[in-house]
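Structure first, commentary second.
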Amino acid sequence: MRDGSTSDCKQKPGVIAPVIDLKRCEGKGGCLEVCPENVFEIRRIAQDDYLGLDLMHRLKLRVHGMKVAYTPNANACRSCGLCVTACPERAIKLIRAA
Ligand code: SF4
């Protein structure tokens, strides 16, 4: 129903959040470019995350400069889905926040 209010069809912030599959992410930054809510940052993978990967994915990450996407502003996500579409590695899923 169109009521002329400022509400739109987007989800409220904090309901849905993006989750990055670090085995897929290559830090290309498509998500960073398209997200209207500034959810993402691209940075060097954290040591704990790196050590959590198997050898094959560690090597893959080295080839891609050790960069991955993180979501420091995940609670601002409004579930528009642009990041999911923009990621060439299909590394992003939107899940219901806990
Ligand atoms: S779904 Fe939209 S608002 Fe949420 S992280 Fe992706 S691009 Fe940003």
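Counting in this note's numbering, the sequence shown runs from 228 upward without gaps.
Every residue gets a Cβ at the ideal spot worked out from N, C-alpha and C, and that includes glycine.
Just so it is clear, the structure is predicted and the values come from calculations on it, not from any experiment.
Checking the sheet assignment: what are the DSSP bridge partners for residue i?
{"i": "residue 268", "result": "297"}
{"i": "residue 246", "result": "320"}
Can you find a heavy atom of the ligand SF4 that lies under 8 Å from the Cβ of residue i?
{"i": "residue 264", "result": "yes"}
{"i": "residue 308", "result": "yes"}
{"i": "residue 311", "result": "yes"}
So, under 8 Å CB-CB, residue i and residue j are touching, yes? Tell me the CB distance rounded to an integer number of Å.
{"i": "residue 270", "j": "residue 294", "result": "7 Å"}
{"i": "residue 245", "j": "residue 307", "result": "With 8 Å as the limit, residue 245 and residue 307 do not qualify as a contact, their Cβ atoms being about 10 Å apart."}
Put residue i into one of helix, strand or coil per three-state DSSP.
{"i": "residue 238", "result": "coil"}
{"i": "residue 282", "result": "helix"}
Closer than 9 Å, CB to CB, is residue i near chain D or not?
{"i": "residue 285", "result": "The structure shown has no chain D; it contains just one protein chain."}
Does the contact criterion of 3 or more C-beta pairs under 8 Å hold for the segment 239-257 versus the segment 313-323?
yes
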